[in-house]
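Engineer:
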Amino acid sequence: MARKVFIAGNWKMNKTAAETAVLCRALKEKFADICPCSVEVAVCPTFTSLSAAIAELKGTNIKVGAQNIHWADNGAFTGEISGAMLKELGVEYVIIGHSERRQYFGETDETVNKRLVAALRSGLKPIVCIGETLEEREGGKTEAVLEKQIKGAFVSIGADDFKKVVIAYEPVWAIGTGKTATPDMAQDTHAFIRKVLAGLYGAAAAEDTVIQYGGSMKPENSKELVAQKDIDGGLIGGAALKADSFYDLVKNAIG
Ligand code: PGA
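Numbering (numbering that gives the first Met the number 0), first residue to last: 0 to 254.
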């Protein structure tokens, strides 16, 4: 099975519901000529903007994802949002374990695993984020860090559920910094990730897994990155906040 390119915008804590509606209307127009047969496209606004995005993008080729999920279905977890709540809105994807959550909100490999279990239980498609810091890369620890993050995320996840998961490799030092991993560097790391997945789920399942790259991907570098054998798309921050740059990035990546 050939892997399909998958490009998702992670809007982070940007865009009110009204601003979301404006951006989604612009995306709807721009992306009308992009065939869903060649690429899967999604946007992941903040929780309060999900309904606006879903309403605007209904009937289009652009899917909607959330940026986090709690591991319980309901209960005394003030400020949290469950999978059932996201599903009811019509959300399709959910980002789990983004480095900003690991860095600022105490996310660990264990909580990533719990959120992943909950997402799968709720019928959401998870985008599991992994990535090393600059210190870890410079210390020669990239592979050990990624292997630990992968093994931690997939504890108790069966082979059938694994097939529903997308991985996003995002070197922390490349996020929002303008520093992109070179295509060769990113390719090497993606190949390593696929090797670790093959060890867990077999070579065929690893071959079928979509692995996005994230970290300062933009229209100028998306083609070269996605052209790499093991890079199957991107998780896009800054460049996803404007319809023109997100469209150009996608168009260049598949063109
Ligand atoms: P960036 O963010 O594209 O702004 O570097 C990517 C991400 O954090 O998902």
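Cβ coordinates follow ideal geometry from the N, Cα and C atoms, glycine included.
1. Starting from valine 111, trace the alpha helix (DSSP H) in both directions and tell me its first and last residue.
2. Can you tell me the Cβ-Cβ gap for leucine 240 and glycine 233, rounded? I've got them flagged as a contact below 8 Å.
3. In whole angstroms, give me the CA-to-CA distance for aspartate 247 and proline 182.
4. Between the alpha carbons of glutamate 55 and glycine 139, how many angstroms are there, rounded?
5. Using a Cβ-Cβ cut-off of 7 Å (strictly less than) and excluding sequence neighbours within five positions of tryptophan 172, which residues of its own chain qualify?
6. Report the residue from Asp229, Thr110, Trp10 and Ala238 whose alpha carbon sits nearest the alpha carbon of valine 154.
7. So which of Ile33, Ala190 and Gly175 has the shortest CA-CA distance to alanine 238?
8. How do the segment 100-116 and the segment 9-23 stand: do at least 3 beta-carbon pairs fall below 8 Å, yes or no?
9. Per DSSP, asparagine 9 is paired with what?
10. By the three-class DSSP mapping on this structure, what secondary structure does leucine 196 have?
11. How is the beta strand (DSSP E) around glutamine 211 delimited, first residue to last?
12. Mapping DSSP to helix, strand and coil, what is valine 90?
13. Cβ-heavy atom distance between asparagine 60 and the ligand PGA below 8 Å?
14. Return the residue from the list Tyr200, Val209, Gly64 and Asn220 that minimises the CA-CA distance to histidine 189.
15. Which class does proline 35 belong to by DSSP, given the choice of helix, strand or coil?
16. Pull up the distance between the alpha-carbon of lysine 11 and that of alanine 118, whole angstroms please.
17. How is valine 63 classed by DSSP in three states: helix, strand or coil?
18. Distance, Cα to Cα, glutamate 82 vs lysine 163?
19. Please confirm whether any heavy atom of the ligand PGA lies closer than 8 Å to the CB of isoleucine 174.
20. Report the partner residues of glycine 233 according to the DSSP bridge assignment.
21. To which residues does DSSP link proline 125 through a beta bridge?
22. Beta-carbon separation of valine 4 and glutamate 39 under 9 Å?
23. Closest to arginine 2 by CA distance: which of Ile230, Ala242 and Ser50 is it?
Structural biologist: Taking the structure as given:
1. 108-121
2. At roughly 14 Å, the Cβ-Cβ gap does not stay under 8 Å, so leucine 240 and glycine 233 are not in contact.
3. 18 Å
4. 45 Å
5. Thr132, Leu133, Arg136 and Lys178
6. Thr110
7. Gly175
8. no
9. Cys43
10. helix
11. 210-213
12. coil
13. no
14. Val209
15. coil
16. 19 Å
17. strand
18. Contrary to the premise, residue 82 reads as glycine rather than glutamate in this sequence. So the two alpha carbons sit approximately 15 Å from each other.
19. yes
20. Ile6 and Tyr212
21. Val93
22. yes
23. Ile230
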